[in-house]
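Protein chains in written order, with our numbering: chain A, 3 to 486; chain B, 13 to 115.
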């Protein structure tokens, strides 16, 4: 019954080979420690550097000591050239980009990793070991990991590029039920290709290259259409998801090359990324399924029942109100980030503080485009750390607040999240701006937020609207306060 | 069936690593404050740039012109992922550091 299959596993020891493996172990440990440290505020920066050092060790050791079938790494000149080119471009982009554009940048780099994984799969496919094929045909482990690497890598690449385009405002949302059906068909098609390629009786993988190219094209289209219907506000979640995809694609390469550094690095990011994605969904009180299917925006705005009228406030009134208050809370949202008005917000805060007003910032965990994004932006504008107050800590003080200044925020201050069970955002934690004695809302127009729902806060009796671009409004407001 | 079993047997160590790494990834990430979600995502993004190692291996054994070109591209893109990822993360975290000094 128990048939014995002989598997020849010759172990050839060489000094270089063992240095390589030791380097990979060190790199893996550094990745793990780096990731762990990245999840604590005090150690985060060191953690990032540790992970980078691990990466450096893995790369250098590979170039110096990697051998495949006894052959050392060739084309060293080209490899180093490519690394230098990639480093220069990556560094310049990373340093030059505005802090507000951070999320799309992460998406862009993620896409690059996905593309790299897909390219590796594309090149390795024709070179699957003949022995393996002779023994098992195309249905062997190497072919499977190559195909999975190709599929996941290209989906991640195409998806990341669309996410990048959306966050950059170059691509809009397309919502249709037809798209959902097409996506399911494409996914089935992709799995069909894997089954087809693996079950074909081909003896030379090169015969299957046309099928592989078609599969690549389908995967790219799927990546585009997968992200297309997802709303702008959900992009961070999608990027995090695509991030874990790329991790898995990298791990497939690890399987292929029996490479532990690629395997641990890839899987670690794959699983950590998945958990992070779920945590982000929790912060927004949504389920991952909800995000992917795109439930936001579908719910029609509740019937326009008894709403008060919109009341505008003049700049001088706003200036007086702010200047003679005891306690002011600034609630920044993405509008502030888009208008690049974080520096002006800080200036306003400084002026008010000088005239004896107690100014704080209320930070909603998902204000901005990504969790934590607003903290980064305000820190960039030199706002002192102790002025940034987390939502849970400031909410009990809101009733004692004289003026809540909402700058370019909408959904995160929408009282419907607490009051209206039929609202799509019901249950989402909010900054309780509506409990303040007065509310000034700076907004570009009466447009809706990303959840595309009405905000009753704007119609409340104690709310005053200040329409216009956040930067210009703040500028004018500061001028007004100066004249007081 | 036999092929699958044999595949599992030959790669048993790899499968062990995969399973343990999955638990490790979950363990390492839990309890992260929301403030750090963005830098953490960005840092993890840089770590999967380890795909660069694979790109170097392909490029190192490439002979045909097409493979050379694609390999070169794979190395460039992989490096972009690594370097861009780490530098961006560092830039984000720098902001946090600055404000903590002022505390």
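Even glycine gets a Cβ: it sits at the ideal position worked out from N, Cα and C. None of the values given here were measured: they were computed from a predicted structure.
Item                                                                                                                               : Value
Nearest candidate by alpha-carbon position, reference residue 83 of chain B, set A/118, A/146, A/178 and A/152                     : A/118
Short-range partners of chain A found in the segment 74–86 of chain B, where Cβ spacing is below 9 Å                               : 74, 75, 78, 79, 80, 82, 83, 84, 85 and 86
Euclidean distance between Cα positions of residue 142 of chain A and residue 288 of chain A                                       : 40 Å
Limits of the unbroken beta strand (DSSP E) element including residue 334 of chain A                                               : 329–334
Ranges of the alpha helix (DSSP H) found wholly within the segment 242–298 of chain A, counting only runs of at least 4            : 262–285 and 290–295
Coil, strand or helix - residue 75 of chain B by DSSP                                                                              : coil
Alpha-carbon to alpha-carbon, residue 478 of chain A and residue 57 of chain A                                                     : 49 Å
Nonlocal neighbours in the same chain, by C-beta distance under 6 Å from residue 18 of chain B, ignoring five residues either side : none
Under 9 Å from the C-beta of residue 154 of chain A: neighbouring residues of chain B                                              : Near residue 154 of chain A there are no residues of chain B at all, since even the closest Cβ is about 11 Å away, more than 9 Å.
Contact between the segment 258–267 of chain A and the segment 62–72 of chain B (3+ Cβ pairs under 8 Å)                            : yes
Nearest residue (CA-CA) to residue 467 of chain A, options A/412, A/433 and A/484                                                  : A/412
Collapsed DSSP secondary structure at residue 486 of chain A in the structure displayed                                            : coil
Closest by C-alpha distance to residue 2 of chain A, when choosing among A/238, A/139 and A/294                                    : What the structure shows of chain A is the stretch from 3 to 486, and residue 2 of chain A is not part of that stretch, so it cannot be assessed.
Where residue 302 of chain A sits in the DSSP three-state scheme                                                                   : Below a pLDDT of 50, predicted positions are generally treated as unreliable, and residue 302 of chain A, at 38, falls in that range; the measurement from the model is reported next regardless. Residue 302 of chain A: coil per DSSP, three-state reduction.
Rounded straight-line distance, which links the Cα of residue 108 of chain A to that of residue 217 of chain A                     : 27 Å
Alpha carbon of residue 232 of chain A to alpha carbon of residue 95 of chain B, nearest angstrom                                  : 29 Å
Stretch-stretch touch, CB-based, cutoff 8 Å, three pairs: the segment 212–228 of chain A with the segment 138–158 of chain A       : yes
Same chain only: Cβ atoms within 7 Å of residue 2 of chain A, ignoring 5 sequence neighbours per side                              : Absent from the structure is residue 2 of chain A, since the part of chain A shown begins at 3 and ends at 486.
Contact under 9 Å by Cβ, residue 460 of chain A with residue 443 of chain A                                                        : yes
Within-9 Å CB hit, residue 24 of chain B to chain A                                                                                : no
Pair within 9 Å by beta-carbon distance, residue 30 of chain B and residue 87 of chain A                                           : no
Any C-beta of chain B under 9 Å from that of residue 400 of chain A                                                                : no
Amino acids of chain A, ordered along the chain, whose beta-carbon sits closer than 9 Å to that of residue 28 of chain B           : Going along chain A, no residue has its Cβ under 9 Å from residue 28 of chain B, so there is no contact; the nearest lies around 11 Å.
N-terminal and C-terminal residue of the beta strand (DSSP E) that residue 392 of chain A is part of                               : 390–392
Counted within 10 angstroms of its Cβ, other Cβ atoms place residue 385 of chain A as buried (16 or more) or exposed               : buried
Reduced DSSP category for residue 456 of chain A - H, G, I as helix; E, B as strand; rest coil                                     : coil
Integer Cβ distance of residue 408 of chain A from residue 333 of chain A, believed to fall under 8 Å                              : 5 Å
Proximal chain B residues relative to residue 38 of chain A, where beta-carbon distance stays under 7 Å                            : 40
Cutoff 9 Å: residue 338 of chain A Cβ touching any chain B Cβ                                                                      : no
Collapsed DSSP secondary structure at residue 165 of chain A in the structure displayed                                            : helix
Residue-chain proximity (residue 417 of chain A, chain B), Cβ-Cβ < 9 Å                                                             : no
Buried or exposed by the 16-neighbour rule on C-beta atoms within 10 Å, applied to residue 212 of chain A                          : exposed
Own chain, CB closer than 6 Å to residue 313 of chain A, minus 5 neighbours either side, in chain order                            : 466
Per-residue burial, residue 357 of chain A [other beta carbons within 10 Å of its own, 16 or more giving buried]                   : exposed
The alpha helix (DSSP H) enclosing residue 190 of chain A, as first and last residue numbers                                       : 179–201
Distance, residue 72 of chain B Cα to residue 74 of chain A Cα                                                                     : 8 Å
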